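Beneath this line is the structure, given in structure tokens, with notes to follow.
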Amino acid sequence: MSTIAIISSFADDTRCARAIEQLREAELGDFNTFSPIPSHKIEYAIGRSKSPVRWLVLAGGISGVLTGLAITIGTTYEWGLNAGGKPLVSWPPFIVICFELMVLLGGIFGFLGVLMLSGVPTTETAPGYDGRFGGDRFGIVVRCDEAQAERVESMLKESGAEEIVREDEAQPR
Amino acid sequence: MAAAPKAIPEPSFRDIDRSVLRVMEPAGLAYWAWIGFCFTLVAIAAGLWARQIYSGLGVTGLRQPVMWAVYITNFVFWVGIAHSGTLISAILFLFRTKWRTAVYRAAETMTIFAVATAGLFPLIHLGRVWFFYWLLPYPNERSLQPDFRSPLVWDAFAVSTYLTISALFWTMGLIPDIANAREAATGWRKKFYTVLAMGWQGTDRQWRHYSMAYLLMAGLATPLVVSVHSVVSWDFAMAQLPGWHSTIFAPYFVAGAIFSGVAMVITLLIPMRKMLGIEDLLTEWHFDNLAKVVLLTSLVVSYSYITETFMAWYAGDPIELMTFRMRYFGPWGWMFGMMVLCNCLIPLLLFSPRIRVNMIALWVISIFVNIGMWLERFVIIAGSLRVNFEPSQWGSYHPSITEIMITVGSFAWFVGLFSLFSRFLPIFSMTELKEGIVWLRKALKMDRVKAA
Amino acid sequence: MSSNLQLAHRKRAATKPQAVESVAGATMKAAAGAMIVLGAIAFVVALSRGRAAIAWEAYLVNLLFFLGVAQGAVVASSSFYLTQAKWGGSTPYRLGEAFAPFLWVGFFLFFGLYFGRSLIFPWVTHPIAQKAAWLNTPFLFARDGIALGAMAVASFAFIRVSRGDGARAWTIATDEIELPPHSIRVLAPVVAVLFAAVYSLIAFDLVMSLAPVWRSTLFGWYFFAGCFWSGVTAMALTAVVLRGRLGENNLFTNPTVMHDLGKMVFAFSVFWIYLLFAQYIVIWYGDLPVETFFIVQRVHHMPWSPLSVACVVLIWLIPFTLLMSVRAKKTPVILGTVSALGLAGMWLERYVLVVPSLSLDAIPFGATQFLISIGFLGVFLLSAVPGLNRVAQAATSGEPVGDDAE
Chain B
350 MSTIAIISSF ADDTRCARAI EQLREAELGD FNTFSPIPSH KIEYAIGRSK SPVRWLVLAG
410 GISGVLTGLA ITIGTTYEWG LNAGGKPLVS WPPFIVICFE LMVLLGGIFG FLGVLMLSGV
470 PTTETAPGYD GRFGGDRFGI VVRCDEAQAE RVESMLKESG AEEIVREDEA QPR
Chain C
0 MAAAPKAIPE PSFRDIDRSV LRVMEPAGLA YWAWIGFCFT LVAIAAGLWA RQIYSGLGVT
60 GLRQPVMWAV YITNFVFWVG IAHSGTLISA ILFLFRTKWR TAVYRAAETM TIFAVATAGL
120 FPLIHLGRVW FFYWLLPYPN ERSLQPDFRS PLVWDAFAVS TYLTISALFW TMGLIPDIAN
180 AREAATGWRK KFYTVLAMGW QGTDRQWRHY SMAYLLMAGL ATPLVVSVHS VVSWDFAMAQ
240 LPGWHSTIFA PYFVAGAIFS GVAMVITLLI PMRKMLGIED LLTEWHFDNL AKVVLLTSLV
300 VSYSYITETF MAWYAGDPIE LMTFRMRYFG PWGWMFGMMV LCNCLIPLLL FSPRIRVNMI
360 ALWVISIFVN IGMWLERFVI IAGSLRVNFE PSQWGSYHPS ITEIMITVGS FAWFVGLFSL
420 FSRFLPIFSM TELKEGIVWL RKALKMDRVK AA
Chain W
9 MSSNLQLAHR KRAATKPQAV ESVAGATMKA AAGAMIVLGA IAFVVALSRG RAAIAWEAYL
69 VNLLFFLGVA QGAVVASSSF YLTQAKWGGS TPYRLGEAFA PFLWVGFFLF FGLYFGRSLI
129 FPWVTHPIAQ KAAWLNTPFL FARDGIALGA MAVASFAFIR VSRGDGARAW TIATDEIELP
189 PHSIRVLAPV VAVLFAAVYS LIAFDLVMSL APVWRSTLFG WYFFAGCFWS GVTAMALTAV
249 VLRGRLGENN LFTNPTVMHD LGKMVFAFSV FWIYLLFAQY IVIWYGDLPV ETFFIVQRVH
309 HMPWSPLSVA CVVLIWLIPF TLLMSVRAKK TPVILGTVSA LGLAGMWLER YVLVVPSLSL
369 DAIPFGATQF LISIGFLGVF LLSAVPGLNR VAQAATSGEP VGDDAE
């Protein structure tokens with residue numbers, strides 16, 4: 350029994366989401382989807398938990414605040430200069446710096462987090478990827494045993510797949 | 000519009016791709032001539048800057064007491080322009096505004112280049128440019144650090160953060176679009192896009208992380224935008240100088256930034272729409288909404304002028320009263336008059352729904368707004384310095400050719416970069432246009448029905 | 009139940025939808041009435057016992073607070089039209105308009121300040137020559153009276169159109185991008201612009217002039233932003249309370265509606281703290297005595313310092329930390345508690361703005377001021393009853409709600 354990949358394409362996300370629901374119900378859950386837009390319907394159908402990117406952003410934000418406090422308070426004490434009668438540790442200006450660093454590090458961590466978690470940059474092409482999936486088609490690539498292939502294909506066709514192609518799970522294209 | 004009633008277009012994903020990608024086809028001679036023209040002006044400005052670095056700031060018109068004038072005006076102006084981009088891309092994203100999708104990439108691109116332009120000006124204003132890094136905290140043998148109690152240091156942090164975050168946000172939005180462009184491209188462009196797209200394939204895993212990160216970045220960018228122009232305004236408000244020391248500066252400058260920025264978006268997009276024939280992507284509905292933002296922020300700016308005037312009179316401080324009297328009726332009073340005309344009166348025309356969708360009128364109004372807002376910064380910055388506390392210290396100021404050409408050069412730099420970008424990378428977000436295709440179709444229907 | 013409905017139906021015009029039972033039962037109305045009576049008695053007693061100053065302080069603070077809530081909520085409704093908000097059908101609009109009758113009550117109560125003017129406005133007993141052209145009794149009462157009157161007229165003209173069938177139909181057309189009906193397109197901006205102008209004027213005249221030397225250009229904006237936030241927060245609190253009191257499947261049981269209300273409470277509380285900080289940092293940095301004394305009295309000196317901190321905690325810190333997560337915003341208990349605390353905080357903020365200018369060394373809060381405040385609350389609640397009934401009507405009418413996927 351060799352694993353094969355079944356590549357299907359859909360014209361819109363509603364049909365794609367329906368197919369995903371059916372696949373999940375039948376526990377044929379080893380699939381990837383491709384879409385030109387982030388679709389709430391598809392995301393909901395796949396039903397994975399929320400992305401951990403938010404923890405990275407939070408971590409970045411907190412480090413930003415701490416860094417801000419460290420450099421502002423730390424450097425002011427190094428020479429202890431009187432600037433316009435303001436106290437050495439004057440919180441109004443320091444809040445501004447901490448805020449900016451919070452946003453800076455939060456954003457940087459978030460961006461790097463997305464790249465890391467998405468596996469980007471990469472030179473590998475995910476199996477089944479077709480250029481049209483960046484344009485106007487939604488795609489599902491299901492990996493299954495040859496025995497289940499018929500069932501999968503009929504499910505996909507039922508949900509409105511336009512094209513279904515079977516491929517041997519050899520090398521990625 | 001065509002005389003015969005046209006069928007209402009119902010664009011599909013492919014139509015969107017086609018319209019947007021068409022813009023990136025190889026350009027003709029006219030385009031390259033335009034780029035050449037822009038960068039010639041930039042070269043002249045660069046040359047004059049080089050001369051200024053060599054000879055010192057004396058080649059400018061800066062003299063006591065007006066030590067901040069055209070360069071700082073440009074700085075504030077360009078940071079302000081940048082803000083509308085983030086407003087449209089981040090803040091309106093959080094509000095789930097439907098008309099945002101067609102314009103946000105262009106606006107955000109404008110942000111990047113505007114911040115890059117703005118960031119040059121503190122450098123240009125430094126006599127010893129090579130010491131610019133002294134503004135940032137770095138370890139050194141004598142433990143010399145910037146004074147974080149100074150608004151100029153807050154500025155360094157705020158503007159750098161803004162540039163970085165805008166660039167990251169912009170890049171994130173571009174990746175799926177470049178991946179899309181990669182598919183249709185050939186030759187060197189295909190290689191170029193393939194490298195830039197970094198292997199993005201739009202898998203569910205990638206979109207899941209992307210969507211959350213995009214939302215969070217928009218959530219971060221929103222307070223950032225407000226904080227950056229507030230910090231820029233605090234460069235002035237922290238002083239005790241009448242005309243500068245005013246609590247309203249922070250939100251007033253932010254509103255003014257959005258005002259001039261959205262006007263600049265309109266100034267850029269109307270000709271682009273005409274030249275590239277994309278009336279079906281950028282509909283009248285989009286411009287109607289942009290015009291309303293301009294109108295709203297114009298009212299906020301008018302409110303600020305009125306409040307400042309009232310408070311100067313109410314407070315009764317003789318020095319402050321003198322500053323305002325000179326601002327309105329002194330030798331530079333004509334600038335103030337123009338400023339009020341361009342910022343407060345002309346935008347009132349936008350109360351008319353017909354003017355809001357009349358492309359020529361809207362374009363002309365947007366140009367006036369930008370002129371008015373540039374003058375406003377100048378009037379506040381240089382005008383208040385000119386008549387400071389002690390009449391014996393009053394002076395005057397005339398911009399030198401260096402300052403004028405560098406100002407012109409900054410506009411050329413901005414427009415040139417924007418024009419370059421629009422040919423080589425998607426200036427409209429195909430991804431988001433597709434996401435919002437339902438609204439686009441409705442907008443087209445509404446426009447056609449109105450025109451019929 | 010059905011006979012009540014039939015009765016109500018016969019009473020209303022045929023085109024209006026079915027009425028529901030009044031949200032305010034007899035007990036609530038009686039309680040409100042009792043509160044009003046208590047407040048009035050406390051006020052009169054204080055005036056006759058030589059404690060008029062503290063009575064008038066309470067009068068002014070409560071007038072400012074409750075007018076702010078009522079007007080802020082109306083402006084929220086007009087803002088919804090301006091931003092084409094369809095996330096809740098017509099109910100959010102009714103929610104904003106619910107407290108409107110107090111606008112007229114407040115208008116009349118404003119003139120009551122005339123009788124206490126020598127105890128409220130320092131420039132009445134000690135006129136300031138330089139500012140006399142602006143700060144004099146006839147001009148102040150005339151301009152503020154006209155301003156509040158115009159505001160109330162505009163608000164009610166707007167509300168009348170907003171309650172009409174055309175506007176209502178627009179609010180439930182969730183799939184369309186057409187603009188609201190023409191009269192709304194005119195009146196909604198008028199209400200919003202007038203609000204900014206009138207409430208800035210009120211802030212300068214009724215709060216800033218109590219310390220006539222002080223000035224802050226941002227103060228008007230800060231004040232009306234606080235009014236707007238208190239309106240929105242009152243709307244959120246009302247939504248949470250009505251959620252439990254109305255029937256099954258009322259609109260407020262929809263978590264998206266709670267989420268949207270919570271987002272507004274969160275966002276505008278951040279806006280408020282931003283405006284507060286913008287004033288603080290400029291005044292702190294400039295260190296000009298003519299500006300700093302106002303802040304120092306309230307923030308850095310006893311007995312007011314803890315109250316100022318409490319304001320920041322109630323208005324910003326609690327909403328910011330507790331309403332940050334999506335789930336919290338959708339939890340009625342959290343949203344309701346945060347809103348109630350926030351409103352208390354905003355009342356306290358008005359108190360801290362007004363009273364130290366009149367009575368610096370000791371906090372004059374006691375039975376008198378408490379009862380007067382209760383009295384105002386009673387007036388406010390009673391005047392809100394018809395509006396709240398309309399909210400209940402809209403929330404139980406099963407309207408379709410805009411599909412803004414998360």
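Protein chains in written order, with the working numbering: chain B, 350 to 522; chain C, 0 to 451; chain W, 9 to 414.
Backbone N, C-alpha and C define an ideal beta-carbon position, used for all residues, glycine too.
Since the model is a prediction, treat every value here as computed from it, not as a measurement.
query	result
Report the residues of the stretch 271-293 of chain W with a CB closer than 8 Å to any CB of chain B, ordered along the chain.	PHE285, TYR288, ILE289, TRP292 and TYR293
Give me the Cα-Cα distance between TYR207 of chain W and TYR313 of chain C, rounded to the nearest whole angstrom.	17 Å
In angstroms, rounded to a whole number, what distance separates the CA positions of ARG204 of chain C and SER467 of chain B?	6 Å
Which of the three DSSP states, helix, strand or coil, is assigned to SER452 of chain C?	What is shown of chain C runs 0 to 451, which leaves residue 452 of chain C out entirely.
Below 8 Å on the Cβ atoms is my contact criterion, and I expect TRP438 of chain C with ILE185 of chain W to pass it. Report the Cβ-Cβ distance as a whole number of Å.	6 Å
Quick check for students: name the residue ranges of the alpha helix (DSSP H) that lie wholly in the stretch 129-162 of chain W, counting only runs of 4 or more.	130-133
The alpha helix (DSSP H) spanning GLY96 of chain C covers which residue range?	Here residue 96 of chain C turns out to be Thr, not Gly, going by the sequence shown. Taken as a continuous stretch (DSSP letters only), THR96 of chain C belongs to no alpha helix (DSSP H), as it is neither H nor E.
Find the nearest neighbour of ALA400 of chain C within the set C:VAL75, C:LEU47, C:ALA117 and C:PHE388, judged by alpha-carbon distance.	This sequence places Ile at residue 400 of chain C; Ala is not what is there. ILE400 of chain C has its Cα closest to that of C:LEU47, out of C:VAL75, C:LEU47, C:ALA117 and C:PHE388.
Any idea what DSSP makes of ASN381 of chain B, helix, strand or coil?	strand
Start and end of the beta strand (DSSP E) containing LEU354 of chain B?	Here the sequence assigns Ala to residue 354 of chain B, which means Leu is not the residue at that position. Counting along the chain, the beta strand (DSSP E) containing ALA354 of chain B begins and ends at 352-359.
Exposed or buried, VAL114 of chain C, counting other C-beta atoms within 10 Å across all chains shown (16 or more means buried)?	buried
In this structure, does DSSP put ARG141 of chain C in helix, strand or coil?	coil
Confirm, please, whether the CB-CB distance from ILE395 of chain B to THR421 of chain B is below 9 Å.	no
Once the 5 residues before and after THR145 of chain W are set aside, which same chain residues still bring their CB inside 7 Å of it?	ARG125 and VAL132
Quick check: what's the CA-CA separation for THR221 of chain C versus SER398 of chain B?	26 Å
Measure how close the beta-carbons of PHE487 of chain B and SER384 of chain B come, nearest whole angstrom, since I'm counting them as under 8 Å.	5 Å
Note down, in chain order, every chain C residue with its Cβ under 9 Å from the Cβ of GLU392 of chain B.	ASP203, TRP206, ARG207 and SER210
GLN377 of chain W and ALA66 of chain W: beta carbons closer than 9 Å?	yes
Taking all protein chains shown into account, decide if TYR251 of chain C is buried (16 or more other Cβ within 10 angstroms of its Cβ) or exposed.	buried
Suppose contacts are defined by Cβ-Cβ distances below 9 Å. Is THR322 of chain C in contact with THR225 of chain W by that definition?	no
Tell me the residue span of the alpha helix (DSSP H) that contains VAL215 of chain W.	Element bounds for VAL215 of chain W: n/a, residue is neither H nor E.
Would you decide whether PHE129 of chain W is buried or exposed? Buried here means 16 or more other CB atoms lie within 10 Å of its CB.	buried
So is LYS273 of chain C in contact with chain B if we call contact Cβ pairs under 9 Å?	no
Could you tell me whether the Cβ atoms of VAL406 of chain B and LEU215 of chain C are closer together than 9 Å?	yes
Along chain C, which residues have their Cβ under 9 Å away from the Cβ of SER224 of chain W?	SER245, THR246, ILE247 and MET310
Is it right to say ASP494 of chain B is buried, meaning 16 or more other beta carbons lie within 10 angstroms of its own, or is it exposed?	exposed
Nearest chain C C-beta to GLU512 of chain B closer than 9 Å, yes or no?	no
Quick check on ARG515 of chain B: does DSSP put it in helix, strand or coil?	strand
Can you name the residues of chain W whose CB is closer than 9 Å to the CB of MET237 of chain C?	ILE289, VAL290, TYR293 and GLY294
Which stretch, first to last residue, makes up the alpha helix (DSSP H) that contains ARG253 of chain W?	227-253
Within its chain, find whatever has a CB closer than 8 Å to the CB of THR23 of chain W; leave out the 5 residues flanking it on each side and keep chain order.	Low confidence applies here, because THR23 of chain W scores a pLDDT of 36, under 50, leaving its location unreliable and the question unanswered by this model.
Does SER87 of chain W pass the burial test, meaning 16 or more other C-beta atoms within 10 Å, or should it be called exposed?	buried
Can the beta-carbon of TRP373 of chain C be found closer than 9 Å to that of THR72 of chain C?	yes
Scan the stretch 167-192 of chain C for residues whose Cβ lies nearer than 8 Å to a Cβ of chain B and list them as they occur along the chain.	LEU167, PHE168, THR170, MET171, ILE174, PRO175, ALA178, ASN179, ARG181, GLU182 and ALA183
Would you mind telling me which residues of chain W sit closer than 9 Å to ILE441 of chain B, beta carbon to beta carbon, in chain order?	The residue asked about is misnamed: residue 441 of chain B is Pro in this sequence, not Ile. PHE285, TYR288, ILE289, TRP292 and TYR293, listed in chain order.
How big is the Cα-Cα spacing for GLY79 of chain C and VAL253 of chain C?	7 Å
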